[in-house]
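**Q** Numbering (the UniProt record's numbering), first residue to last: 1 to 238.
First the structure, which I've put down as structure tokens, then a few questions once you've had a look.
And the structure:
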């Protein structure tokens with residue numbers, strides 16, 4: 001998978017994305033550093049469960065937007081090497097698999113949202129793994145759709161807590177007590193899982209299409225399989 005960014009001259013002459021101070025400092029992180037980042041994901045469900053809902057929503061969206069925006073600028077400013085591409089590739093696959101499998105064993109409402117967030121980090125990293133303009137475009141689309149879904153989900157969680165819905169098993173009665181919240185929450189979770197024709201499906205479609213276009217043929221099948229697992233997890237909801 002070769003990096004296909006060839007627009008450095010046109011962009012930097014305009015001064016829009018010129019970051020000269022980053023040029024001498026950019027170096028790919030080592031594989032041990034990248035592997036250690038994966039262990040931090042294990043704390044995400046506890047943070048989601050113990051934090052106030054507005055704080056959790058902010059932590060779910062803001063860091064991903066910030067990191068993705070900065071990485072996009074660095075990627076477009078100058079091509080990154082094959083080592084960094086492989087690190088993105090590895091972390092993307094690990095995040096998708098970890099997020100999908102860990103969500104299957106959860107019983108509380110907020111914890112699947114944490115693992116869904118982990119999985120979506122993997123889908124978003126697919127855009128970086130491509131190393132193409134199409135990959136960055138699909139990444140930006142994915143970030144926007146993910147932020148919209150997350151805002152929707154965490155807007156419903158306080159209403160669920162008011163009705164004393166804390167566990168996934170309690171959602172069965174929600175369809176009778178608050179059908180609008182039940183339907184909205186279910187649609188949001190199905191969108192997280194990538195079920196067509198919802199927005200989450202469009203996001204994953206663009207990302208997988210970009211992965212196939214750049215020759216990352218292994219990323220797309222892994223993403224499809226983890227999406228199927230996510231659909232099973234979403235099927236546990238009303």
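Think of the CB as a built atom: it goes at the ideal place given N, C-alpha and C, for glycine as much as any other residue.
As the structure is a computational prediction, the values presented were derived from the model and not from experiment.
1) Our contact map puts residue 187 next to residue 198 with C-beta atoms below 8 Å; I'd like the distance itself, whole angstroms only.
2) So residue 110 is in the alpha helix (DSSP H); what residue range does that whole segment cover?
3) Whose C-beta lies closer than 7 Å to the C-beta of residue 119 among residues of the same chain, with five residues either side of it excluded?
4) Can you give the beta carbon distance from residue 204 to residue 194, rounded, assuming they're within the 8 Å contact cut?
5) Taking C-beta to C-beta, are residue 220 and residue 130 nearer than 8 Å?
6) Please tell me whether residue 156 and residue 184 are closer than 8 Å, where the distance is taken between their beta carbons.
7) Measuring straight from C-alpha to C-alpha, what distance separates residue 57 and residue 218?
8) Quick one: grab the DSSP three-state call for residue 146.
9) Give me, in chain order, the residues of the same chain whose beta-carbon lies closer than 8 Å to that of residue 108; leave out the 5 immediate sequence neighbours on both sides.
10) Rounding to the nearest angstrom, what Cα-Cα distance links residue 69 and residue 143 in this structure?
11) Taking C-alpha atoms, which residue in 47, 192 and 54 lies nearest to residue 158?
12) Considering only residues of the same chain and omitting the five flanking positions on each side of residue 208, which have a CB-CB separation below 6 Å?
13) Quick one: Cα of residue 127 to Cα of residue 84, how far?
14) Mapping DSSP to helix, strand and coil, what is residue 217?
15) Starting from the Cα of residue 150, find the closest Cα among 134, 175 and 121 and give me that residue.
16) According to DSSP, what are the bridge partners of residue 167?
17) Tell me whether residue 180 is buried or exposed, calling it buried when 16 or more other Cβ atoms sit within 10 Å of its Cβ.
18) Can you check which of these residues, 110, 133 and 124, is closest to residue 91 by C-alpha distance?
19) Quick check on this structure: which residue in 174, 138 and 102 has the alpha carbon closest to the alpha carbon of residue 46?
20) What does the Cβ neighbour count give for residue 71, buried or exposed, with the cut at 16 atoms within 10 Å?
21) Secondary structure at residue 229, three-state DSSP: helix, strand or coil?
22) I'd like to check one pair, residue 44 with residue 114: are the Cβ atoms closer than 8 Å?
**A** Let's see:
1) As a first step, residue 187 must be located in the chain shown, where it is residue number 187. As a first step, residue 198 must be located in the chain shown, where it is residue number 198. At roughly 7 Å, the Cβ-Cβ gap stays under 8 Å, so residue 187 and residue 198 are in contact.
2) As a position in the chain shown, residue 110 is number 110, starting the count at 1. Run containing residue 110: 110-130, per the alpha helix (DSSP H) assignment.
3) The residue given as residue 119 occupies position 119 in the chain shown. Correct list, in chain order: 95, 96, 99, 100, 226 and 230.
4) Residue 204 sits at position 204 when you count from the first residue of the chain shown. Residue 194 sits at position 194 when you count from the first residue of the chain shown. With 8 Å as the limit, residue 204 and residue 194 qualify as a contact, their Cβ atoms being about 5 Å apart.
5) One-based indexing of the chain shown puts residue 220 at position 220. One-based indexing of the chain shown puts residue 130 at position 130. No, the Cβ-Cβ distance between residue 220 and residue 130 is not below 8 Å.
6) Walking along the chain shown from the start, residue 156 turns up at place 156. Walking along the chain shown from the start, residue 184 turns up at place 184. Against a cut-off of 8 Å, the Cβ pair of residue 184 and residue 156 comes out as a contact.
7) Along the chain shown, read from residue 1 onward, the residue named residue 57 stands at position 57. Along the chain shown, read from residue 1 onward, the residue named residue 218 stands at position 218. So the two alpha carbons sit approximately 31 Å from each other.
8) In the chain shown, residue 146 corresponds to position 146, counting from 1. Helix, per DSSP.
9) Locating residue 108 in the chain shown gives position 108, where the first residue counts as 1. So the list reads 49, 166, 167 and 168, once near-sequence residues are dropped.
10) In the chain shown, counting from the first residue as 1, residue 69 sits at position 69. In the chain shown, counting from the first residue as 1, residue 143 sits at position 143. Rounded to whole angstroms, residue 69 to residue 143 spans 10 Å at the Cα level.
11) Taking the first residue of the chain shown as position 1, residue 158 is located at position 158. Here the closest residue by C-alpha is 54.
12) Position 208 of the chain shown, counted from the start, is the residue given in the question as residue 208. Excluding positions up to five away in sequence, the list reads 220 and 223.
13) Within the chain shown, the letter at position 127 stands for residue 127. Within the chain shown, the letter at position 84 stands for residue 84. For residue 127 and residue 84, the distance between alpha carbons rounds to 13 Å.
14) As a position in the chain shown, residue 217 is number 217, starting the count at 1. DSSP places residue 217 in coil when its eight states are reduced to three.
15) The count along the chain shown starts at 1 and reaches residue 150 at position 150. Of the listed residues, the one whose Cα sits closest to residue 150 is 121.
16) As a working mapping, residue 167 is identified with position 167 in the chain shown. BP columns for residue 167 point to 108.
17) Residue numbering aside, residue 180 sits at position 180 when the chain shown is read from its first letter. Answer is exposed; the Cβ neighbour count stays below 16.
18) On the chain shown, residue 91 is found 91 positions in, with the first residue counted as 1. Among 110, 133 and 124, the Cα nearest to that of residue 91 belongs to 124.
19) For the purposes of this step, residue 46 is identified with residue 46 of the chain shown, where counting begins at 1. Ranking the options by Cα distance to residue 46, first place goes to 102.
20) Position 71 of the chain shown, counted from the first residue, corresponds to residue 71. Flag for residue 71 reads buried.
21) If you number the chain shown from 1, residue 229 lands on position 229. In this structure, residue 229 counts as helix in the three-state DSSP scheme.
22) Counting from one through the chain shown, the residue named residue 114 turns up at place 114. Counting from one through the chain shown, the residue named residue 44 turns up at place 44. Against a cut-off of 8 Å, the Cβ pair of residue 44 and residue 114 comes out as a contact.
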